[in-house]
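A short write-up of the structure that comes next.
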Ligand SMILES: Nc1ncnc2c1ncn2[C@@H]1O[C@H](COP(=O)(O)OP(=O)(O)OP(=O)(O)O)[C@@H](O)[C@H]1O
Ligand SMILES: [Mg+2]
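Residue numbers (our numbering): 22 to 310.
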């Protein structure tokens, strides 16, 4: 790439770090909790521009919270959350609105509006956020539905489509406004292996053909490791690992080892913090400490 190489006079050619593309999203030493309960403790990571990044970790670990911090629905108590080079925590309402228009979100529940057709579900953000004529809305909706293979399903109601199809409609809706960043919160939950493979390939394909940056929160190790360029593992409030899928898989860290090998026992906490088991049940023989 022109500009990446810098010649030192009389010496050798080296990469100029200043020419490296800036991460699209970056957490810098972020601490966040709901009330007194700490969820993230000094978390730093980078989401590379143009890539598919997987955010993984145990249930309740704070993955959805990370997406909310990026979207500015929550604000970090300490540290900075950067979106395309700007600190989301410093955005006023107008700046947040502009930034959110550049983000597509597929929510964990993936819910469609049940009283609207597939077409109207995808048209919804366009009608809400743009002044496009109905003729243009139609063209955009059909293009997005075509991208997920459901142009023919435009007139169906959500109750008439399968779970996998509903997820693809939600995906079309998430990309309706041509976002730069798409965040998928568990896009594969509840899908059979074929629909899951289709959804995963679609996410990869949309990322590459539309020039997006994608973040996927997923529990599906196999499929996620296959399509992601970059993996971040969140455990016990910190980043246990981040890097290329192969690097993360090889990590010697016990937390990461437990997670990538899906081991039930290990340092990842299973229990929501609370009073000791003795406090609830008295002394139980063979009880947990
Ligand atoms: N609005 C809220 N108010 C208070 N606590 C919350 C709120 N949202 C989430 N939490 C708590 O924060 C923790 C992290 O939640 P979060 O939804 O980010 O986890 P997650 O990693 O997405 O989990 P899962 O994989 O189950 O979706 C949980 O223990 C949850 O109880
Ligand atoms: Mg979640």
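Idealized CB from N, CA, C, for every residue including glycine.
Remember, it's a predicted structure, so these values are computed and weren't measured experimentally.
Contact test: residue i Cβ vs ligand 1 heavy atom, cutoff 8 Å
{"i": "residue 80", "result": "yes"}
{"i": "residue 96", "result": "no"}
{"i": "residue 118", "result": "no"}
{"i": "residue 196", "result": "no"}
{"i": "residue 314", "result": "Limits of the chain in this structure are 22 at one end and 310 at the other, which puts residue 314 out of reach."}
{"i": "residue 58", "result": "yes"}
{"i": "residue 255", "result": "yes"}
Cβ-based burial, residue i [other Cβ within 10 Å; buried from 16]
{"i": "residue 118", "result": "exposed"}
{"i": "residue 215", "result": "exposed"}
{"i": "residue 249", "result": "buried"}
{"i": "residue 244", "result": "buried"}
{"i": "residue 143", "result": "buried"}
{"i": "residue 111", "result": "exposed"}
{"i": "residue 267", "result": "exposed"}
{"i": "residue 302", "result": "exposed"}
{"i": "residue 230", "result": "exposed"}
{"i": "residue 206", "result": "buried"}
{"i": "residue 304", "result": "exposed"}
{"i": "residue 24", "result": "Confidence in residue 24 is poor, its pLDDT being 39 and thus under 50, which makes the residue's placement too unreliable to answer from."}
{"i": "residue 330", "result": "The displayed coordinates of the chain run from 22 to 310. Any statement about residue 330 would go beyond what the structure contains."}
{"i": "residue 96", "result": "exposed"}
{"i": "residue 94", "result": "exposed"}
{"i": "residue 7", "result": "The first residue shown for the chain is 22 and the last is 310, placing residue 7 beyond what the model contains."}
{"i": "residue 123", "result": "exposed"}
Residue i vs residue j beta-carbon contact at 9 Å
{"i": "residue 281", "j": "residue 84", "result": "no"}
{"i": "residue 208", "j": "residue 127", "result": "yes"}
{"i": "residue 278", "j": "residue 77", "result": "no"}
{"i": "residue 203", "j": "residue 236", "result": "yes"}
{"i": "residue 163", "j": "residue 175", "result": "yes"}
{"i": "residue 99", "j": "residue 169", "result": "no"}
{"i": "residue 15", "j": "residue 104", "result": "For the chain, the structure presents residues 22 to 310; residue 15 sits outside this window and is missing."}
{"i": "residue 61", "j": "residue 258", "result": "yes"}
{"i": "residue 217", "j": "residue 190", "result": "no"}
{"i": "residue 42", "j": "residue 63", "result": "no"}
{"i": "residue 173", "j": "residue 219", "result": "no"}
Any non-hydrogen atom of ligand 2 closer than 8 Å to residue i Cβ
{"i": "residue 234", "result": "no"}
{"i": "residue 85", "result": "yes"}
{"i": "residue 206", "result": "yes"}
{"i": "residue 64", "result": "no"}
{"i": "residue 43", "result": "no"}
{"i": "residue 129", "result": "yes"}
Distance, residue j Cα to residue i Cα
{"i": "residue 261", "j": "residue 153", "result": "45 Å"}
{"i": "residue 194", "j": "residue 275", "result": "39 Å"}
{"i": "residue 228", "j": "residue 81", "result": "27 Å"}
{"i": "residue 296", "j": "residue 270", "result": "35 Å"}
{"i": "residue 48", "j": "residue 102", "result": "5 Å"}
{"i": "residue 29", "j": "residue 109", "result": "In this prediction, residue 29 scores a pLDDT of 47, lower than 50, which makes its location untrustworthy; no coordinate-derived value is stated."}
{"i": "residue 234", "j": "residue 56", "result": "31 Å"}
{"i": "residue 232", "j": "residue 273", "result": "34 Å"}
{"i": "residue 198", "j": "residue 167", "result": "15 Å"}
{"i": "residue 192", "j": "residue 211", "result": "15 Å"}
{"i": "residue 46", "j": "residue 252", "result": "14 Å"}
{"i": "residue 183", "j": "residue 159", "result": "23 Å"}
{"i": "residue 66", "j": "residue 44", "result": "9 Å"}
{"i": "residue 75", "j": "residue 246", "result": "8 Å"}
{"i": "residue 54", "j": "residue 161", "result": "39 Å"}
{"i": "residue 132", "j": "residue 115", "result": "27 Å"}
{"i": "residue 263", "j": "residue 129", "result": "23 Å"}
ask   = Taking contact to mean at least 3 C-beta pairs separated by less than 8 Å, is the segment 132-139 in contact with the segment 161-180?
value = yes
key: Cβ contact check for the segment 220-233 and the segment 143-158: 3 or more pairs under 8 Å   = no
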